[in-house]
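K.L.:
Handing you a structure now.
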Amino acid sequence: MSPGSTTREHEILGRPSTRRTRLVVACALTAAVWYFGWLLMPGRVGNPWLYGTLVAAELFNLTQAIGFWWTLLHDRPAGRTAPPLEGARVDVLVPRYDEGVEVVEPVILAASRLRGAEVTVHLLDDGDDPAMAALAARHGARYVTREQHDGAKAGNINHALRRLEGEAGGDYVLVLDCDHVPHPDLLVRTLGHFAQPDVAFVQTPQYYANADQSPVAAAAWAQQALFFGCIARGKDDLGAMFCCGTNVVFRRAALDGVGGFPQHSVTEDFELSLVLHQRGWRSAYVPEVLVQGLGPADMASYVSQQLRWARGCLSAVGRAARARLHWRVKAQYLLSSMYFLSGWTLLVYVSLPIVRVLTGEQAVAAATADSFLLHFAPYFLLAITTVAMGGAGSYTFAAFALAAASFWIHVLATLQTLTRRRGRFVVTPKDGAELWQPRAVLPGLAICAGLLGPAVWGLTRSTDAAMLNNVAFCLLHLVVIGTGVSWALRPDRLARRAAAGLPSGDSRWRAAGGLDALDGAASAERRLVSAP
Amino acid sequence: MNALDLAAPPSGTIAAPLPEPPHSAGRRQLVALAGQLVAGVGNLLVSVALARLLLPGEYAAFTAFLGAYVLLHTVASSVTAATALDPTLGRRLLGAGAGAGVAVGAALVLAAPWLAPVAGVSADTVRLLGAAAPSAPLLALARGRLYGLHRVGGTAATLVAEPLVRAGLGLGLLPILGPVGAAAGVVAAGYAALLVAVVSGRGAPTGLAPTLGARRSAAVAGAFLLVAVIAAQDVIIANSVLGDHDAGIVAAVATVGGAAYFATATVPMVLMPSTDTGPAARGSLRAALLAAAGVSLAVLAAVALLPAEGYALALGDDYAEVADYAPAYVAAMAALGVGKVFLARLCMLGRSALATVVVAVAVADQLVLLLRAETVRDIVLATAAGCAVLLVGSALAVAWATRADHRRLAEETDRALTTAPAAEPTSTEPTSTEPTSTEPTSTGPDATHRARRSRLVTLLPLWIALAVGVVLRMVVTRSIWLDEAISIRQAQLPLGEMLTDLQENDVHPPGFDLVLWAVVHGTGSTAEWVVRLPSLVAGALLVPVFYAMAADLWDRRTARVAAFVAAIAPVAVWYGQEARMYALWMLFATLAVWMQLRVLRSAEAGGRGGLLSWAGFVVAAAATMYLQWFAALPLVVQHLVFLATALRRRTRRTWWPWLLSVAATLALLAPMARFLVNQGRSVIEAGAGTTPGQTGAEASAVGGANPDVYAVLANLVWTVWGYHADEVMIQVSALWPVLLLVTLAALGRGRSRAVTVMLLVAVVPAAVLFAIGFERRQLFELRYFTATVPLLLLLVSRAVATWARGPVTRVVLPGALMASLAVGLVDEQVNQSNPRTYDFRAGVEWIADRGEDGDVVVYAPEFLDDELTYYSPGLPTMPTGRLDVEQTDLGLEQGTDPAQRPGSVFVFGSFLEEEATAGQLGEALARLEEAGWVEVEEHHVANVTVWEFQQPDEQPDEQRETTR
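Right, here's the structure in full:
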């Protein structure tokens, strides 16, 4: 792809449509008022505990929904692109822990061929692997290691930054995860934003090049596409885009000013952004896929990644709430960090029909199904429509199912945060084990059993409309969560998909001629450019 | 099945058939068919003659004998098919066959005293059956051998021999021995046929090698034996579960219906000895299918065109009601005839075990229904269901087996090409003298044949869907509905009067009435099937239109799913069975949208849309307006879509073609302008505002006085799964969370122009009527946005065909949809609690059975007059409103002989859930009781209640009873 091509960009990340979005958001807000006006009427209280739980869950989701709609309204077509910055010097930091040569080498190679600046590539090896030293030497990169491996990824980067202080380092720092291959024009497209002196960092999207190879990666990418599409563009417009840890270019002075990456969090990127924004720095976002990485290829990888994100973001809720920021920026931080509480709401929704089937107790009283549907259906449909529109078709049922099946991660992360259990930085596995992984989805499986049992039992007791309705709700949840869980139980399908096709991102780049510069390079990069 | 089938036993084959040109297969089929038809007609005439000469009880006994005789011969003739595949079986099984025949015969003769009372026939008849037993296996083997040797002349001769002897000897003995004489004639005819078969088979080539092993022979025999069971068991079971009269009717129906089965009996047998691969096989299969379908349809047409008087004339007055059942039964037998061809093909492909399984399922299906049967109709439906299962199952199995065979051949070829050592370039001489005709080649005639075969296989699902669609629409269980009765009355008027009547008393455009008028006046009949024919044709055409449209817009997989959805979608079937405009509306609405989407596709590509597509759109759109005024709603939406397209810069070239299409549509609709004005004036003058004055418009409306969510759900369920009892609707509506799942599943599925346009055209009219429904509740009803039905079904088909991506879900999802549609269809058609099912026919029949000259029928509501005119009970009728309370006799003598007082007064009521009607009826019943009439019986059928009143001195002594 040509990095300047907005057409290509929107094919991947979705195209903003301001007028239509406003219309749908207005309708969605109206529907929300219509629904909550009905739900919150005093006469609706059935079982007070259940009702209270339901209302809490609904209000939390409404808050998230309104936050999403607000962000969506700020998703506007990109303005003029910033002109390239002349004569810049960039240090490219590639932290590595235990990834193999076949993963790291394409990144080092592509990084060394970045255009638009004088580039020095640093391979920050926390694994002390001689093969990495050889790799760095092969491609003219600097090999950096350290004696004390503390602070995980943040510590590794900070160590490199401290070393660079003693040298005549560059003015900018590009951080790339060691499985994220940059496009040659990454710096050409991003450095121009630093012409504004208060811009601390420029973030670009994470793109999962293995989305065509694994259903888990595909679903995870669909979730990412929603975030790096409309949400990130909206946050950028609100001045609240945060750093995502990779594919990000920092102004060196800004980094030095806050002492580098915070090392107390497992989501050092999120915390760093918070600090930078508090110090008055601004952020920028370039909504073009300029780096291609590898997403979690199986459920174990996905669970590991999500648990780390949830743990980190939830632990930052307090700091975000206390931060001295413009209210808009603070609200965006809170919305993002508190998103990882949404698993609790799903637990509530799943529990209600089970409780109704088993005990007959229900949350809402004095309401016919007709009345409930009349008020709930428009809200639900319009909320879904905003998601579909925001994602421009990229957000799929699989993505929804994967998120739903991961509800327990949010629950677990919340409990860990509340008990102040120390999180551990775990590198997201880059290559799916493609094994049967029931343990990775055990809570999901338990919930499925918990839905199926009462549903069957309920049907043996009665087939009246009320029972059928609650059984249908059980089955609805069962299908959604079951779909998300199923990928851990079908390793053969993962294997088939893995063998099926090319990484889609690579093929796009190849079609656009973006990888021409890499042609003829080492065999390792053939992972990216192999012909069909 | 019936008596006539004994001439059907199929058989014959040649061991190693050589490839043959298709016309050879066709010729053989024709000769055998000719013999079979002569034999069939002959047997029919003999049976008809016997039906007239014997008393019903005697004829039933004779038919029972004939059924047992046929069963005997069909059991034996199951080896005919296997022998047709391998004629050496004729000699290999001769000893065993003769021995078995003699043993069975001896057993029957010895057991006659005990069997006779059980079977309800005389001991002599059982003994005659025993005497016939040895001929059965021998005849089956001899005929099978003839088929296998391609001795079609001999085959025809042995077939023709049977009716000749039956007629000569059986009818000759009848005056002397009664039914036993007739049975003796049948037995003698069997031996005569055997003699002819043996003589015709002489001089056959020797040294043929056996080609069928024991297991495969048994499987082939088993499959065809079970086919015979399907055709025979209904008569036998009917004889035990029904009374004499009904059993006699079933026997007569089976006798008539067996004509179709009989007519096609030779077709699979002639097919089987054909070569099983290559172009000749395709020619043979095509010839066989054409022969079976053509002959079946011809028989069906002949039977359907015969009025009730014809049956009475042919079978006697006791059998006039055979006319009610014969078309459906004959259609079932026709399906069975075609199904047998598929079974034969399966056997040829070496899938005889699969064939057996398919037939076994059909037999089981039929048997279950037969055992629950209580009426003649139930028996006929059971047989129809069994035959339909067999036809569909065997066709699907052939499609699968053919494809598997094709794949296997391709793989073998690939393997051969891969592993074959490079031939010496100088060696061009063939090294083998083995025939190579089955080897695939990539060019020349074989390639052409392969392409044809590929097309045949590709379109096979369509043909199957079409057959299913036609059969389902022909199996009509409900009586003529009120609106149908109105249309039928109008259609019988002279054209001018009909149009005037429509303008003054109706609310619909004249399109359907004009079609119906032409049909009624063209055929001179108002029989149920005649008046429903236009809808049946339109409903059936919807299947190929769905297929073509889906293939054109999307892909072949969607097309296949769509075709089957159209075939079995309950509402599409329902309206395909109703003499109203809705099936035609669905058809033309679908065509209009299809043509519009073609125009839009062309416009997106920079074109103007294409003349044919524009013309098709205009004609189809105008046709919908001739059928229903409410067609204006989707039409407006479609034109708004065109307008939006024309306003876009990229597709601006459609501007002028669109304006022209508007002008052309208006020109086509212009003749209706005056009609519309006159009708509108009449409606307003009548004080009905803009509300259609359709009778029963509120039938089965779920929900309250205003449209609500459940009304939306109900209409959605109706659209996809058909009409159901209110209780079922409430339960199904409770499953609305499934819709949430569908909504979620739609995430990320992408949009297309076709889907968007179809959604708009489907949803907007319904939404408009929903809004109007707050003023006129009855207008938010599926009938007024019927165009939504095909579009929604197409969208469902598209979703089901594409949303599933895994190998299992790609099968399970469409399968689940089809299964749910089938369940919906069965419930819609069979469940008498369906509030749209009004069994006026049964109600009137009950009156006709009990009424006598001088009796009177009083009815409410008043708009039942057309219904009671169509299903005339043969008695004077009057609405309850004409009861004269001032007179002591309530004015019941009006219209009858003043000197004669009515013996019984039948009160015929329906729509009792309507307060006004219930009030009218209640008042009428009270008046009758006040006038001294006493209720003696109350009869309930679906949504119809009939009360019988008599004066005390007219009452029978037995206690009052209430039947339900």
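The listed protein sequences correspond, in order, to chains A and B.
Okay, so the first sequence: first residue is 1 according to the working numbering, each after it adds one.
Okay, so the second sequence: first residue is 1001 according to the working numbering, each after it adds one.
All residues carry an ideal CB built from backbone N, CA and C; glycine is no exception.
What separation, rounded to the nearest whole angstrom, lies between the Cα atoms of residue 82 of chain A and residue 241 of chain A?
P.N.:
Straight-line Cα distance between these residues: approximately 17 Å.
K.L.:
Please determine, among B/1801, B/1839, B/1606 and B/1580, the residue with the shortest C-alpha to C-alpha distance to residue 1512 of chain B.
P.N.:
Out of B/1801, B/1839, B/1606 and B/1580, B/1580 has the C-alpha closest to the C-alpha of residue 1512 of chain B.
K.L.:
Just to confirm, are residue 1583 of chain B and residue 1616 of chain B a CB contact at a threshold of 9 Å?
P.N.:
Contact flag unset, no.
K.L.:
Between the alpha carbons of residue 1219 of chain B and residue 1268 of chain B, how many angstroms are there, rounded?
P.N.:
Cα-Cα distance, rounded: 16 Å.
K.L.:
Could you list the residues in the segment 1313–1325 of chain B with a C-beta less than 7 Å from some C-beta on chain A, going in chain order?
P.N.:
So the list is empty, because no residue satisfies the distance condition.
K.L.:
Going by alpha carbons, who is nearest to residue 256 of chain A out of A/160, A/150, A/86 and A/372?
P.N.:
Closest by alpha carbon: A/160.
K.L.:
Shorter than 9 Å from the beta carbon of residue 464 of chain A to some beta carbon of chain B?
P.N.:
It does: the Cβ of residue 464 of chain A has a partner Cβ on chain B nearer than 9 Å.
K.L.:
Using a beta-carbon distance below 9 Å, is residue 397 of chain A in contact with chain B?
P.N.:
Chain B, which has a Cβ nearer than 9 Å to the Cβ of residue 397 of chain A, makes this yes.
K.L.:
Run down chain A in chain order and give the residues with a C-beta less than 8 Å from the C-beta of residue 1745 of chain B.
P.N.:
Ordered by position in chain A, the residues that pass the 8 Å Cβ test against residue 1745 of chain B are 397.
K.L.:
Using a C-beta cutoff of 9 Å, does residue 20 of chain A count as contacting chain B?
P.N.:
No, residue 20 of chain A lies away from the interface with chain B (no Cβ there is under 9 Å from its Cβ).
K.L.:
Tell me, please, whether the segment 1328–1348 of chain B touches the segment 1559–1571 of chain B by the rule of three or more beta-carbon pairs shorter than 8 Å.
P.N.:
The answer is no - the segment 1559–1571 of chain B does not touch the segment 1328–1348 of chain B, with fewer than three Cβ pairs under 8 Å.
K.L.:
On the DSSP bridge assignment, give the partners of residue 1944 of chain B in chain order.
P.N.:
DSSP, once it has assigned bridges, lists B/1910 and B/1941 as partnering residue 1944 of chain B.
K.L.:
Between which two residues does the beta strand (DSSP E) carrying residue 1164 of chain B extend?
P.N.:
Per DSSP, residue 1164 of chain B belongs to no beta strand (DSSP E); it is in the alpha helix (DSSP H), 1152–1165.
K.L.:
The alpha helix (DSSP H) with residue 417 of chain A in it runs from where to where?
P.N.:
Note, residue 417 of chain A: alpha helix (DSSP H), 407–418.
K.L.:
Can you find at least 3 beta carbon pairs, one from the segment 1060–1074 of chain B and one from the segment 1228–1246 of chain B, that sit closer than 8 Å?
P.N.:
Output reads yes: the segment 1228–1246 of chain B touches the segment 1060–1074 of chain B.
K.L.:
Could you give the uninterrupted runs of the beta strand (DSSP E) lying entirely in the segment 131–200 of chain A, keeping only those of 3 residues or more?
P.N.:
As far as the segment 131–200 of chain A is concerned, its whole beta strand (DSSP E) runs of at least 3 residues are 142–144 and 172–175.
K.L.:
If distances are taken between C-alpha atoms only, which option among B/1483, B/1844 and B/1877 comes closest to residue 1945 of chain B?
P.N.:
The shortest Cα separation from residue 1945 of chain B among B/1483, B/1844 and B/1877 belongs to B/1844.
K.L.:
Can you list, in chain order, the residues of its chain whose CB lies under 6 Å from that of residue 1947 of chain B, leaving out five sequence neighbours each side?
P.N.:
Contacts found: 1907, 1935 and 1938.
K.L.:
Short of 7 Å in beta carbon distance, which residues of its chain neighbour residue 1529 of chain B, apart from the five on each side in sequence? Order them along the chain.
P.N.:
Taken in chain order, the residues that qualify are 1304 and 1327.
K.L.:
In the DSSP output, which residue or residues are listed as bridge partners for residue 1877 of chain B?
P.N.:
For residue 1877 of chain B, which the question treats as bridged, DSSP gives the partners B/1857.
K.L.:
Roughly how many angstroms lie between the CA atoms of residue 44 of chain A and residue 1736 of chain B, to the nearest whole one?
P.N.:
Approximately 21 Å between the Cα atoms of the pair.
K.L.:
Give a yes or no on whether the minimum CB-CB distance between residue 242 of chain A and chain B is below 9 Å.
P.N.:
Judged by the 9 Å Cβ criterion, residue 242 of chain A is not in contact with chain B.
K.L.:
Under 8 Å, with one C-beta from each stretch per pair, do the segment 334–349 of chain A and the segment 448–466 of chain A reach the 3-pair mark?
P.N.:
Contact fails: fewer than three Cβ-Cβ distances are below 8 Å.
K.L.:
Report the rounded CA-to-CA distance for residue 1950 of chain B versus residue 1924 of chain B, giving the unit in angstroms.
P.N.:
About 14 Å.
K.L.:
Is there a Cβ from chain A that is less than 9 Å from the Cβ of residue 1734 of chain B?
P.N.:
Yes, contact with chain A.
K.L.:
Residue 207 of chain A by DSSP, collapsed to three states: which one?
P.N.:
If DSSP states are grouped into helix, strand and coil, residue 207 of chain A belongs with coil.
K.L.:
If contact is defined by three or more beta carbon pairs under 8 Å, each pair taking one atom from either stretch, is the segment 200–212 of chain A in contact with the segment 47–55 of chain A?
P.N.:
Verdict: no, contact absent.
K.L.:
What number of angstroms, rounded off, separates the C-alpha of residue 1952 of chain B from the C-alpha of residue 1889 of chain B?
P.N.:
Rounded to whole angstroms, residue 1952 of chain B to residue 1889 of chain B spans 14 Å at the Cα level.
K.L.:
Here's a check: name, in chain order, each residue in its chain whose Cβ is nearer than 6 Å to the Cβ of residue 146 of chain A, leaving out the five neighbours to either side.
P.N.:
The answer, listed in chain order, is 159.
K.L.:
Excluding the 5 residues preceding and the 5 following residue 445 of chain A in the sequence, name in chain order all residues of the same chain whose CB lies nearer than 8 Å to its CB.
P.N.:
So the list reads 438 and 485, once near-sequence residues are dropped.
K.L.:
Residue 20 of chain A by DSSP, collapsed to three states: which one?
P.N.:
Three-state result, residue 20 of chain A: helix.
K.L.:
Which word fits residue 359 of chain A, buried or exposed, when buried means at least 16 other C-beta atoms lie within 10 angstroms of its C-beta?
P.N.:
Exposed: under 16 other Cβ atoms inside 10 Å.
K.L.:
With distance defined between alpha-carbon atoms, name the residue in B/1758, B/1851, B/1854 and B/1880 nearest to residue 1864 of chain B.
P.N.:
Nearest option by C-alpha distance: B/1880.
K.L.:
Quick one: list the residues of chain B neighbouring residue 369 of chain A, beta-carbon separation under 9 Å, in chain order.
P.N.:
Going along chain B in sequence order, the residues near residue 369 of chain A (Cβ under 9 Å) are 1709, 1710, 1733, 1734 and 1736.
K.L.:
Near residue 144 of chain A, what residues of its chain come up, given a Cβ to Cβ distance below 8 Å and the 5 sequence neighbours on each side ignored?
P.N.:
Within the same chain, residue 144 of chain A has close Cβ partners 122, 123, 124, 125, 159, 160 and 163.
K.L.:
Can a CB atom of chain A be found closer than 9 Å to the CB of residue 1730 of chain B?
P.N.:
Yes, because at least one Cβ of chain A sits closer than 9 Å to the Cβ of residue 1730 of chain B.
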